[in-house]
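Right, one structure below, let's go through it.
Numbering (the working numbering), first residue to last: 142 to 256.
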């Protein structure tokens, strides 16, 4: 029987490298999931990237810095929320920890770079 729920302790999920730093990804494998949930520690050398089919919602949990969106920078601090449509070139800058909600669930094949 398929369960109607899933639980993840994000700080216990193994981190994997991503363009922004290190991501702990949950719910990608949940059957029928419409989103996944990532705890991301932003690195100082985060790379500008974009997605062709994925929307992302970021919520800053810790730290202060900037978010770069299509070449413009905006200040961010805890509880700043950012909505990223497909095609938006983006990266976070600073010592930040964020929650990232990709919709649909994250697909590594939908990660693109201009360089």
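Here a beta-carbon is modelled for each residue, glycine too, at the ideal position from N, C-alpha and C.
CA-CA distance, residue 225 and residue 232? Looking at the two C-alpha atoms, the distance is approximately 11 Å.
So the candidates are 251, 207 and 230; which of them puts its Cα closest to the Cα of residue 239? 207
Rank 156, 194, 195 and 211 by C-alpha distance to the C-alpha of residue 230 and give the top, closest one. 211
Buried/exposed call for residue 142, threshold 16 Cβ in 10 Å: Per the 10 Å Cβ criterion, exposed.
Nearest-angstrom Cα distance between residue 220 and residue 187? C-alpha separation (whole angstroms): 20 Å.
Can you tell me whether residue 147 is buried or exposed, with buried defined as 16 or more other CB within 10 angstroms of its CB? exposed
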